[in-house]
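Heads up: the structure comes next, in structure tokens.
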Amino acid sequence: MQKRYGGFVRSNYLCVVLCLVAIVNAEDPYRFFTWNVTYGDIYPMGVLQQGILINGQFPGPEIYSVTNDNLIINVFNNLPEPFLISWNGIQQRRNSYQDGVYGTNCPIPPGQNFTYKLQVKDQIGSFYYFPSLGFQKAAGGYGAIKILSRPRIPVPFPDPADDYSILIGDAYSTNHTRLEKIMDLGWRLPFPDGILINGRGDGGVSYNVEQGKTYRLRISNVGLQNSLNFRIENHTMTLVEVEGTHTVQTSLSSLDIHVGQSYSVLVTADQPPQDYYIAVSSRFTSQNLNTTAILRYSNSGKAVSGTPPPPIDTDITWSLNQARSIRTNLTASGPRPNPQGSYHYGQINITRTIKITGSASIIDRKQRYNVNGVSFIQADTPLKLADYFNISGVFKVGSIPDVPTNQNPYLDTSVMGADFRDFIEIVFENRENIMQSWHLDGYSFFVVGMDGGIWSDTSRNDYNLIDAVSRSTVQVYPKSWTAIYVALDNVGMWNIRNEFWVRQYLGEQFYLRVYSPVMSIRDEYLLPENALLCGQAVGKKS
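With mature numbering (1 follows the signal peptide of the UniProt record, and there is no 0) as the guide, the letters of the sequence shown map in order to residues -26 to -1, 1 to 516.
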């Protein structure tokens, strides 16, 4: 039996869809990638480990693209286990089928391949990709994504002499499969063993500069749990971009980058010609991790010596004030000709407020984490496929409450329902003494407020309703709250997670189902023809 949508039989509807897509994308270029995913020997901290390599590289190859490019990425999984790649900060407009998390995609089986078809629609900026299954992120398989503006769209700073992607993050020297077994037994993981800069923790990474020239550094925290501080000895950095948003250009001597976040800074080689430390340190933890790289002048006459520069300030208040100072550059163009500041988010009525509290819990005598009392467990079928094929019993919309409850935490495949085109407020409340970092797939949101203590309705009086930065990952300080505004303009099934990867693995995540009753490609694309089917979706036909 053919499915019908608004009077069209599916075959005719599909023809219309393909024709419209061809017209829309006629002028958008394609970039093709073939990736071979394997295990290989790596020595990130001087100790032999089994790492995930892409085309033999750790970190994986950088994706270089321009606004609206179509990215065709054919991933061959030659691991002895399933594999998925997700795209941190790439919004996947109308297309959560390409999001690359288990709630939306079947894993690529060992020995098979899957071709992702992404479009970086109306996006610019600095992002990254990573393995999303299990604890594979601890083994590598991540890389940088760089989206440049189209030539006719002005950028609010001169072209840099070079553009470097810098991936920083805490790491373990233990194999990721061993780490998974520890968590599955209900035990706590030890503290990470070190910090990596572009896959190395031995100080062996260097960046070459010429005196008098300015360089762009795109820095992403691809780590597992720790906020990190980034600084360059004797040099000032100018912040220019945060996860796709041009920012008010602010001079910094030190920058806190929380798990999952990406920043762009400009650095001018304006010091005496020699080598300088690039220093990265963990933040707000009882144990300190440190590593370095080198900023090397081409006419350097002196190697680095002494100790790397310490963080400017270890106080959380300093970091909080720095975060509040990051604002959107309203005079800069975005990925489209119209200025970013034309979207007056502060004048839109909020249709709903959601409060999210993540916390630790013991369930069935094992360490777990939960959101609003619900500890997420994976279903046997990706939620997006179950939704598309109307498979009952896989998940229930509304299985997680909008606000924290006093119930004992429990296990469930938690999905929160939301309506297309709603404009909502989400308040992240952190009642613990650790940093938290939250990410929303498929969206950028406005970070309108953050402060210590407990959020209340009066907290809105101090919101930034004019030039709040728009991004996809935001930190929540210990015993503090962070508030965001989100325009739900992207239909699909979208993951909301704590980027502290142990907590995500053990249940501190859920899915937001943004629903439109109208079956139209203007709202959401159809299931891809090459979609992998697994679980209860096996044998189903689209």
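Idealized CB from N, CA, C, for every residue including glycine.
Whole-angstrom distance between residue j and residue i, CA atom to CA atom
i	j	result
residue 324	residue 395	11 Å
residue 376	residue 328	5 Å
residue -6	residue 415	Note that residue -6 scores 44 on pLDDT, short of 50, meaning its location in the model is unreliable and no value can be drawn from it.
residue 88	residue 506	8 Å
residue -2	residue 123	Annotation note: pLDDT 45 at residue -2 (below 50); position unreliable, coordinate value reported separately. Each residue's Cα considered, the two are about 17 Å apart.
residue 304	residue 445	15 Å
residue 93	residue 66	7 Å
residue 266	residue 178	8 Å
residue 35	residue 379	44 Å
residue 249	residue 114	29 Å
residue 501	residue 77	14 Å
residue 521	residue 32	This structure does not reach residue 521, given that the chain is present from -26 up to 516, and the question cannot be answered.
residue 25	residue 16	6 Å
residue 455	residue 426	6 Å
residue 85	residue 75	19 Å
residue 457	residue 362	32 Å
residue 97	residue 127	12 Å
residue 442	residue 297	11 Å
residue 284	residue 268	15 Å
residue 371	residue 282	51 Å
residue 518	residue 401	Since the first residue of the chain shown is -26 and the last is 516, residue 518 is not available in this structure.
residue 397	residue 322	7 Å
residue 225	residue 193	16 Å
residue 11	residue 47	12 Å
residue 288	residue 423	22 Å
residue 55	residue 1	39 Å
residue 135	residue 116	26 Å
Range covered by the alpha helix (DSSP H) that runs through residue i
i	result
residue 478	475 to 479
residue 362	357 to 362
residue 152	150 to 158
residue 298	290 to 298
N-terminal and C-terminal residue of the beta strand (DSSP E) that residue i is part of
i	result
residue 97	Residue 97 -> no beta strand (DSSP E), and no H or E assigned at all.
residue 15	4 to 16
residue 209	Segment: none, residue 209 is in no beta strand (DSSP E) and carries neither H nor E.
residue 411	410 to 414
residue 165	Run containing residue 165: none; DSSP gives neither H nor E here.
residue 331	326 to 337
residue 509	Careful: residue 509 lies outside any beta strand (DSSP E) and carries neither H nor E.
residue 268	264 to 271
residue 392	388 to 393
residue 515	Segment: none, residue 515 is in no beta strand (DSSP E) and carries neither H nor E.
residue 369	That residue, residue 369, is in no beta strand (DSSP E); it is neither H nor E in DSSP.
residue 340	340 to 345
residue 192	188 to 195
residue 397	397 to 404
Burial state of residue i (16 or more Cβ within 10 Å)
i	result
residue 39	buried
residue 244	exposed
residue 306	buried
residue 522	An answer regarding residue 522 cannot be provided, because it is not within the stretch -26 to 516 covered by the chain.
residue -15	At residue -15 the pLDDT is 41, less than 50, meaning the model places this residue with poor confidence; the figure from the coordinates comes in the next sentence. Counting Cβ neighbours within 10 Å, residue -15 comes out exposed, since fewer than 16 surround it.
residue 22	exposed
residue 302	buried
residue 145	buried
residue 166	buried
residue 227	exposed
residue 386	buried
residue -4	Here residue -4 scores only 42 on pLDDT, less than 50, and its place in the model should not be relied on; the value that follows carries that caveat. Under this definition residue -4 is an exposed residue.
residue 353	buried
residue 41	buried
residue 428	exposed
residue 430	exposed
Any non-hydrogen atom of the ligand COA within 7 Å of residue i CB
i	result
residue 419	Although the ligand COA was asked about, the structure shown includes no ligands whatsoever.
is_contact[residue i, chain B] using C-beta, thresh 8 Å
i	result
residue 302	Protein chains in the displayed structure number just one, and chain B is not present.
Exercise. Which runs of the beta strand (DSSP E) fall wholly inside the segment 100 to 145 and span at least 3 residues, in chain order?
Worked result: 117 to 122, 137 to 145
Exercise. How do the segment 156 to 171 and the segment 3 to 10 stand: do at least 3 beta-carbon pairs fall below 8 Å, yes or no?
Worked result: no
For this session: Pair every Cβ in the segment 174 to 185 with every Cβ in the segment 397 to 407, then say whether three or more of these pairs are closer than 8 Å.
Result: no
Exercise. Can we say the segment 192 to 206 touches the segment 220 to 231, given the rule of at least three CB pairs closer than 8 Å?
Worked result: yes
Exercise. Three or more C-beta pairs closer than 8 Å, one from the segment 280 to 296 and one from the segment 353 to 366: is that the case here?
Worked result: no
For this session: At 3 residues or longer, and completely inside the segment 221 to 253: list those beta strand (DSSP E) runs for me, N to C.
Result: 229 to 231, 236 to 242
For this session: Could you tell me which uninterrupted alpha helix (DSSP H) segments, each at least 4 residues in length, are contained entirely in the segment 416 to 503, listed from first to last along the chain?
Result: 475 to 479
For this session: Specify whether the segment 43 to 62 and the segment 94 to 112 touch according to this definition: at least 3 beta carbon pairs, one from each stretch, less than 8 Å apart.
Result: For the pair of segments examined, the segment 43 to 62 was found to touch the segment 94 to 112: the number of CB pairs separated by less than 8 Å reaches three.
Exercise. Where in the segment 16 to 73 do unbroken runs of the alpha helix (DSSP H), each at least 4 residues long, occur, reported from the N-terminal end onward?
Worked result: none
Exercise. Does the count of Cβ pairs from the segment 346 to 362 and the segment 71 to 83 closer than 8 Å reach three?
Worked result: Yes, since at least three Cβ pairs between the segment 346 to 362 and the segment 71 to 83 fall closer than 8 Å, the two stretches touch.
For this session: Would you check if there are 3 or more beta carbon pairs closer than 8 Å linking the segment 417 to 426 to the segment 456 to 472?
Result: Result yes; three or more Cβ-Cβ pairs closer than 8 Å.
For this session: Evaluate the contact criterion for the segment 248 to 262 versus the segment 477 to 495: three or more CB pairs, one atom per stretch, below 8 Å.
Result: Contact between the segment 248 to 262 and the segment 477 to 495 is absent: fewer than three C-beta pairs spanning the two stretches fall below 8 Å.
Exercise. Are there three or more Cβ pairs, one per stretch, closer than 8 Å when the segment 428 to 437 is compared with the segment 465 to 485?
Worked result: no
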